[in-house]
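Here the structure is laid out as C-alpha cells; the discussion comes afterwards.
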Amino acid sequence: MKTEKSGQVLRLVMVLVGILLLSRIANCHGSFRDSNASQPGTPAVTTSNLAMDPDDNQKNPLNHDIRLDPINCELPPISLDSPGQLQFVNATVTCLRGAWLRALRDAHAFKPSLTTTDQEVTVYTVDTTRKSCGENTTAPTDAPLYCGGRQKILWPSKYAEFQNLRGQRLHGDMLFSVMHEYGHHVQFMTGVQAQADRMFGLWNEESSLGQQIHRRIELQAQCLAGVAMAAAVQGGTVGREEAEDVVDAQQYVIEEPIHGSRAANLHWSRAGYDSGSAAACNTWAADPADVQ
Numbered sequence: 021m022k023t024e025k026s027g028q029v030l031r032l033v034m035v036l037v038g039i040l041l042l043s044r045i046a047n048c049h050g051s052f053r054d055s056n057a058s059q060p061g062t063p064a065v066t067t068s069n070l071a072m073d074p075d076d077n078q079k080n081p082l083n084h085d086i087r088l089d090p091i092n093c094e095l096p097p098i099s100l101d102s103p104g105q106l107q108f109v110n111a112t113v114t115c116l117r118g119a120w121l122r123a124l125r126d127a128h129a130f131k132p133s134l135t136t137t138d139q140e141v142t143v144y145t146v147d148t149t150r151k152s153c154g155e156n157t158t159a160p161t162d163a164p165l166y167c168g169g170r171q172k173i174l175w176p177s178k179y180a181e182f183q184n185l186r187g188q189r190l191h192g193d194m195l196f197s198v199m200h201e202y203g204h205h206v207q208f209m210t211g212v213q214a215q216a217d218r219m220f221g222l223w224n225e226e227s228s229l230g231q232q233i234h235r236r237i238e239l240q241a242q243c244l245a246g247v248a249m250a251a252a253v254q255g256g257t258v259g260r261e262e263a264e265d266v267v268d269a270q271q272y273v274i275e276e277p278i279h280g281s282r283a284a285n286l287h288w289s290r291a292g293y294d295s296g297s298a299a300a301c302n303t304w305a306a307d308p309a310d311v312q
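Per the numbering used here, the very first residue in the sequence shown carries number 21; after that it's consecutive.
The following block contains the structure:
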C-alpha cells in the first residue's frame, strides 16, 4: 500500500512538472521578450508585432542620426561582360567603403567584436551555377546578394534586369544595387545582422514571422542605399535626376515574401534618400504594416 501511494505521488509530481514546462514553452513562443510586458512605457514585442528587442534596438547606433559625407568618386563606364561589371562594382564598393567606415567610426557604431578584417568586403562574380555562400547555390541569372557572415558580395554576371538596360538607367540601377548590398555589410558591421540571427533562432526563417524578419533586414538595406544615394548626389557622383529616377523605380521591384511589397520598397528607399540619415531606416521599430 505504501509503495502504491508513493507511486501515485510520483506520477502527480511528474504531471505537475510537465504542465509547468509546457507553460514556459508557450510563453517563449508567444512573445519575444516577456519581461518587457511589465515595464511601463516599453511596448511588448509579440508575435503580432514582431520587431527587434526594444533595448537592443535603442542601443544600436545605426538607428541614430548617422550621415555620410558627400560621396565624390570617379566610376568607370559600365560594360555588361563579367570583367566590366566587376570593375564597376569594385570601384563603387571602394567608394562606399570610405564613406561608410568614416561615418560609422565617428559614430562609434561598430559592433564590439568587429575586427579590421571584418570591415572589408570582397566582390565575386558568378558566371556559372555553383555553391557560393555556404550550401546555397547561386546562378549567373540570379540577383546580386550579400553573403552574411562571410563579408562577400556575390554578383551574378547575367542578371536579366541589368542585361535589358542601357545608359543612365543601367548606371543608376546598378549603382543602387551595389549600395543596397553594401547596406547589408553595414548591418553586419553594426551588429544588426547578429541581432536578426538571434531572432531567427526563435522562429523558423520560412514562417510568416521569419519572413517578416527578412523583410525588416531587406527594407533597411533599401533605406541605407537611399542614404548613400543622397550622399552621392551631394558629392556629384550621380546627378539628381538620375538619382530620383532610380529611387522612384523601387516601386517596380518584384514583390517577394522576404523582400517586401513595391510600396514598402519605395517608402523605405525614399525615407533614406529624402532624409540622408540612417535614423530614418529603423525598420525594426516600424509597425508590421509598414514592412509588408
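Where is the CB? At the ideal position from N, CA and C, for every residue including glycine. Predicted, not measured: the structure shown is a model, and the values here were computed from it.
8 Å Cβ cutoff met for residue i and residue j
i, j, result
"residue 214", "residue 131", "yes"
"residue 127", "residue 91", "no"
"residue 179", "residue 158", "no"
"residue 112", "residue 253", "no"
"residue 245", "residue 292", "yes"
"residue 325", "residue 266", "Because the chain in this structure spans residues 21 to 312, residue 325 falls outside the shown range and cannot be described."
"residue 243", "residue 300", "yes"
"residue 107", "residue 145", "no"
"residue 235", "residue 311", "yes"
"residue 124", "residue 209", "yes"
"residue 206", "residue 82", "yes"
"residue 247", "residue 80", "no"
Opposing strand residues paired with residue i [DSSP bridges]
i, result
"residue 142", "172"
"residue 150", "158"
"residue 165", "174"
"residue 261", "Residue 261 pairs with nothing; no bridge assigned."
"residue 276", "280"
Beta-carbon proximity list for residue i, same chain, < 8 Å, skipping 5 on both sides
i, result
"residue 135", "none"
"residue 263", "192, 249, 250, 252, 253 and 293"
"residue 238", "278, 279 and 280"
"residue 165", "153, 158, 173, 174 and 201"
"residue 40", "Residue placement at residue 40 is flagged as unreliable, the pLDDT there being 34, under the threshold of 50; the coordinate-derived value follows with that caveat. So no residue of the chain qualifies."
"residue 275", "281 and 282"
"residue 138", "171, 208 and 209"
"residue 204", "166, 168, 213, 237 and 241"
Local Cβ density within 10 Å of residue i, reported as buried at 16 or more and exposed below that
i, result
"residue 103", "exposed"
"residue 97", "exposed"
"residue 283", "exposed"
"residue 142", "exposed"
"residue 149", "exposed"
"residue 221", "exposed"
"residue 296", "buried"
"residue 302", "buried"
"residue 256", "exposed"
"residue 49", "With a pLDDT of only 29 at residue 49, under the threshold of 50, the placement of this residue in the model should not be trusted; the figure read from the coordinates follows. Exposed: under 16 other Cβ atoms inside 10 Å."
Best match in the options for proximity to residue i [C-alpha to C-alpha]
i, options, result
"residue 251", "79, 88 and 142", "88"
"residue 285", "95, 268, 230 and 221", "268"
"residue 306", "233, 195, 105 and 123", "233"
"residue 140", "283, 170 and 273", "170"
"residue 309", "288, 204 and 297", "288"
"residue 94", "224, 195 and 229", "195"
"residue 258", "206, 190, 207 and 163", "190"
Contacting residues, own chain, Cβ-Cβ under 7 Å from residue i (five flanking each side not counted)
i, result
"residue 183", "100"
"residue 270", "242, 285, 286 and 289"
"residue 121", "139"
"residue 185", "193"
"residue 151", "157"
"residue 224", "230"
Beta-carbon proximity list for residue i, same chain, < 6 Å, skipping 5 on both sides
i, result
"residue 188", "262"
"residue 147", "102, 160 and 177"
"residue 55", "For residue 55, the pLDDT reaches just 26, beneath the cut-off of 50, and the residue's location in the model is therefore unreliable, although a value from the coordinates is still provided. If we look at residue 55 and ignore the five residues flanking it on each side, it has no Cβ neighbours."
"residue 84", "299"
"residue 324", "Because residue 324 is not part of the residues shown, which for the chain are 21 to 312, the question remains open."
"residue 109", "143, 175 and 198"
C-beta neighbour in chain D for residue i, strict 8 Å
i, result
"residue 237", "Among the protein chains of the structure shown there is no chain D, as only one such chain exists."
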